[in-house]
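Novice: Sequence lines, in order, name chains A and B.
Each position in the first sequence, counted from 1, maps to that position plus 112 in the numbering used here.
Each position in the second sequence, counted from 1, maps to that position plus 455 in the numbering used here.
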Amino acid sequence: MLRLEQLNPAVKAATIVVCVLVLALFYDPWTPLLFLAWTWGTGMLFGRIHWKKWVLFFPPFLLFAFGYFWTVALFAGASETSSVWWEWGWIRITQEGLDKGLSLGLRVLAFASISFIFVFTTDPVHFIYSLMRQCKLPPKLAYGILAGFRFMPSLREEFAIMKKAHMIRGVDRAKGWRERAKRLGRYVIPLLAAAIRKAERTAMAMESKGFTGDRNRTYYYDMKVTGKDGMYVAWMLVGLIISVTVSWKLGTLTLYRIQL
Amino acid sequence: MIRPADHRHVSGAVPVPAVEAERLTFRYRSGEKPVFRDVSFSVKQRETVLFLGPSGCGKSTLMYCLNRLYPDSVDGILEGTVKVYGQPVSDVPAGELCRKIGIVFQDPDSQFCMTRVDEEVAFGLENLGVPRSEMDERIDRILRQVGLAEYRRERIHTLSGGMKQKLAVACVLAAEPKILILDEPTAQLDPQSAREIVHHIIKFQQERGLTLLIVEHRLDEWIAHVDRCLLLHADGGLLDEGAPRACFTRHGKDLAHWGIWMPAVTQLTLELPSSPDAVQEELPVTERQFIEAVKGAESVTADLERRLQPPRPAEQPHDPESVLSVDGLTVRIGNKTVLRRIDLAFRLGELAAIVGANGSGKTTLLQHLGGIGHKSSEGDWRLNGRPPSDWSQDELRRRIGYVFQNPEHQFVTFTVFDEVAFGMRQQRLPESAVHAEVRRLLQESGLAGLEEANPFSLSQGQKRRLSVATMLADEQQWLLLDEPTFGQDARTSEQLMLLLRRRVEGGKAVIMVTHDMELVQRYADRVILLMDGEVRYDGAPFGLWKQEDLLSQSGIIPPVCYRLRMMLEQQHVGENADAAFRTVESGS
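(1) Contact criterion: CB-CB distance below 8 Å. Does K252 (chain A) meet it with respect to chain E?
(2) For L367 (chain A) versus L137 (chain A), is the C-beta spacing smaller than 8 Å?
(3) Could you check which residue in B:H672, B:Q915, B:I656 and B:D937 has the C-alpha nearest to that of L665 (chain B)?
(4) Name the residues in the region 781-803 of chain B whose C-beta lies less than 9 Å from a C-beta of chain A; which are they?
(5) Report, in whole angstroms, the separation of the C-beta atoms of A964 (chain B) and R852 (chain B), which I expect to be a contact under 8 Å.
(6) For D929 (chain B), does the three-state DSSP call read helix, strand or coil?
(7) Return the chain-ordered list of same chain residues with a C-beta closer than 7 Å to the C-beta of I229 (chain A), the five sequence neighbours on each side being excluded.
(8) Indicate whether E737 (chain B) and G783 (chain B) have their beta-carbon atoms separated by less than 8 Å.
(9) Could you pull the start and end residues of the alpha helix (DSSP H) that G707 (chain B) belongs to?
(10) Confirm, please, whether the CB-CB distance from D573 (chain B) to R608 (chain B) is below 8 Å.
(11) Quick one: list the residues of chain A neighbouring H1044 (chain B), beta-carbon separation under 8 Å, in chain order.
(12) DSSP three-state call for L171 (chain A): helix, strand or coil?
(13) Would you give the residue range spanned by the alpha helix (DSSP H) that T724 (chain B) belongs to?
(14) Please list the terminal residues of the continuous alpha helix (DSSP H) segment that includes K340 (chain A).
(15) Determine which residues share a DSSP beta bridge with K791 (chain B) and list them.
(16) Which partner residues does V681 (chain B) have in the DSSP bridge list?
(17) How about V429 (chain B) and A808 (chain B): are their beta carbons less than 8 Å apart?
(18) Going by beta carbon distance, what residues of the same chain come within less than 8 Å of E502 (chain B), once the five residues before and after it are set aside?
(19) Please list, in chain order, all residues of the same chain as L524 (chain B) whose beta carbon is under 7 Å from its beta carbon, the five residues on each side excluded.
(20) Report yes or no: do the region 549-567 of chain B and the region 631-647 of chain B share at least 3 C-beta pairs separated by less than 8 Å?
(21) 8 Å is my cut-off, CB to CB: does H278 (chain A) come that close to chain B?
(22) From the DSSP secondary-structure annotation, give me the bridge partner or partners of L479 (chain B).
(23) For S948 (chain B), which three-state DSSP category applies?
(24) Taking Cβ positions only, does G282 (chain A) come closer than 8 Å to chain B?
(25) Taking a cut of 9 Å between CB atoms, which residues from the region 138-156 of chain A lie near chain B?
(26) Among the candidates B:L935, B:T785, B:M518 and B:F872, whose CA atom is the shortest distance from the CA of K918 (chain B)?
(27) Helix, strand or coil for L674 (chain B) per DSSP?
(28) Measuring straight from C-alpha to C-alpha, what distance separates G508 (chain B) and P632 (chain B)?
(29) Which residues, taken in chain order from the region 575-587 of chain B, show a beta carbon closer than 8 Å to some beta carbon of chain A?
(30) I'd like to check one pair, L533 (chain B) with P543 (chain B): are the Cβ atoms closer than 8 Å?
(31) The beta strand (DSSP E) spanning V504 (chain B) covers which residue range?
(32) Among B:S815, B:V576 and B:D695, which one has its Cα closest to the Cα of I1011 (chain B)?
(33) Between the C-alpha atoms of W360 (chain A) and V220 (chain A), what's the straight-line distance to the nearest angstrom?
(34) Scan the region 515-546 of chain B for residues whose Cβ lies nearer than 8 Å to a Cβ of chain A and list them as they occur along the chain.
(35) Whole angstroms is fine: what's the gap from V356 (chain A)'s alpha carbon to G789 (chain B)'s?
(36) By DSSP's criteria, M113 (chain A) is part of a beta bridge. Which residues make up the other side?
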């Protein structure tokens, strides 16, 4: 059984890039809709993604997609020949505009979903290791990024403390936009100063443990590419082909370039 | 102390020194004043050497030069040679040096680059090229040795400071170096965690025959294990070296003058008026040495007794209306109850200390008292009998000042002068009055002459004094401080405490969170012990020291004068018992 969590992260990421590029070629609502369904199915079948994550992270993209849809449906310069679907005052929605809007909106959702499948099933540390092994990312950069991950939680804590500390100083008593702009500077400089100092210390600590940035090292996580990864790529490509074929059979398939 | 020498590395009779430094001089840029100059020393294998010197004398820089972190990672010029087991460090390939010298740094938060505990240990092993198949076993072994086996898969940022330092030690020792540099490894830990770290390191030293080079401010835990002290002076040259007792005896006055922390016993001995000449001639650095030296002198016992009864200032007439109180305060963060039904009331003219183990809720309580606590809390907060809704943020801030643990968090302007003037300017005081007041405060805090400096460019001690000065400027009646002497040298701490004491005697109130029981004993009128979010003791410091169960549960060690007093008493009892025993024996 294929398990998304066990797949090679670099392969998973590459698959996203391929799917996104291919999907971008098509400009009809059906292809992205079918592929969206395929992605969700993949997530449910092969991933262990808690539904709460979908509920939490999907709505912003839904809103974004709807915004896209609405703008395009309203304002896309539809040709005069296109049949009018709905008209009210100056609002005039044509079949063509609707299709274009749906297509763009669904495309956003399809891109989001396939990215979620990656994000929700991949340990970022594994991803970086995989980039080092499969994509020849230099260790200097890779471990630098990993060290950066560690800064996030502490940065958030520090920000919370600073807000309280500034309240004590009465900074919030200051009114007006000029004062407010100054306030931002007051947050940024200490945070930046602390971050730079921390980064220097971390770099020294890494060096003192024998880190040279050399590729000649062993790896704690062995990020191999196996047959399962090939199966995953094939599975997603099959999904793409099915989406395109069904759309073509329905007679709705539209290539991006032709529309222009 | 002479230990069996390690002969593995040499064939001759004299073992090669673990570390040899010859005429080391380091400067950041050519022509600049060196950070330290012409420092030569040699450390024997398995020796424990403590480096002492005023802050800014380049102790840490010297340590970084020994394992080539400087000048490899920093622009700078190093003259002289460092040899490790007879080999110049400049000949050791980068990446191999960590097999010879390991270093543990001060800040528990910035010496890791990975997310999880096992990954961090693995990072070091990867650097050494340890095959993946061996990693798991080696990670397990080293984590077991520092007592972190159960935390193998935890995220590092969820660990306490003490656990992080244990992990740092584990990571360094995984490379199996023979020499360990310790750059203030306990400076940011509470006493309980500090003790554990020292215990672990000493255990490793005995098991693995490590050579230890220590830079540390708080010496009490280390001093009994130290073979030799190296003393650097303010200009960065080597002043003296010798056994700890000899060193402290010869330079006690200099050390005090430079603000260097001494072992608490040594400090106490210097201050005791009655200590016999024999004690002053060779200052004790451990309690055992003290007890042996005073030989039960009655005058010493009396002196200690007197110190334990802190001198109380004449009771200031104070406004009975002025009370800061919480009633039934309960705070939950997530599903953890951090504070449970706390009832406390504070008066003006009182210096109160809040103590307790890490995670006992001290800072949460202090923040609540200061009106900046967690929102989801139950219970009443009152100032002068009025609930929070009766106070505007403005009025509140004019009455309660709060000093955070890290002074940088509170800086809001770009010069020292503006920093102190900030509050007064917000109150729209006339600029001439502001100027006069700021000058006075800067003078009082020892910051005169630094008016135009950027607050961030100050030294640790200066930053702390500035953060307190900004609070004094607003003349708040209530001053709340979170570990005000944390990371400060001895002199800064004392100046700060005297400043706070003066305020209290002037009829204001100080409430502070601290781990330092010497401080509590010397300066506090009242101490509150928190344990698991509950108040377990509230009263005079002396009363707390007697509560042995409470203290051991919270990992608190009573101050040195109390410990010595008890030891003298026991010795006395012991002698009487001995005498009684002999009488019985001879009788039978």
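Glycine included, C-beta positions come from ideal geometry on N, C-alpha and C.
Owing to the predicted nature of the structure, the values given are computational and were not obtained by experimental measurement.
Specialist: Here's the rundown:
(1) Annotation note: the requested chain E is absent from the structure, which comprises protein chains A and B.
(2) yes
(3) B:I656
(4) none
(5) Not quite, the Cβ-Cβ distance comes to about 16 Å (not below 8 Å), so this is no contact.
(6) coil
(7) Excluding positions up to five away in sequence, the list reads L116, T151, T154, G155 and G159.
(8) No, these two residues do not count as a Cβ contact at 8 Å.
(9) P699 to W713
(10) yes
(11) In the structure as shown, chain B begins at 456 and stops at 1043. Residue 1044 (chain B) is therefore absent and cannot be evaluated.
(12) Before going on, a small fix: residue 171 (chain A) reads as Pro here, not Leu. Of the three classes helix, strand and coil, the one that applies to P171 (chain A) here is helix, per DSSP.
(13) A719 to E726
(14) G339 to L362
(15) Paired residue(s): B:I788.
(16) Paired residue(s): none; V681 (chain B) is not in a bridge.
(17) Limits of chain B in this structure are 456 at one end and 1043 at the other, which puts residue 429 (chain B) out of reach.
(18) R458, A473, T666, L667, D682 and R683
(19) none
(20) yes
(21) yes
(22) B:V494
(23) helix
(24) So, interface residue.
(25) none
(26) B:F872
(27) coil
(28) 26 Å
(29) A577, F578, G579, L580, E581, N582, L583, G584, V585, P586 and R587
(30) no
(31) T503 to L507
(32) B:S815
(33) 21 Å
(34) Y519, N522, L524, D527 and S528
(35) 48 Å
(36) M113 (chain A) is not bridged to any residue.
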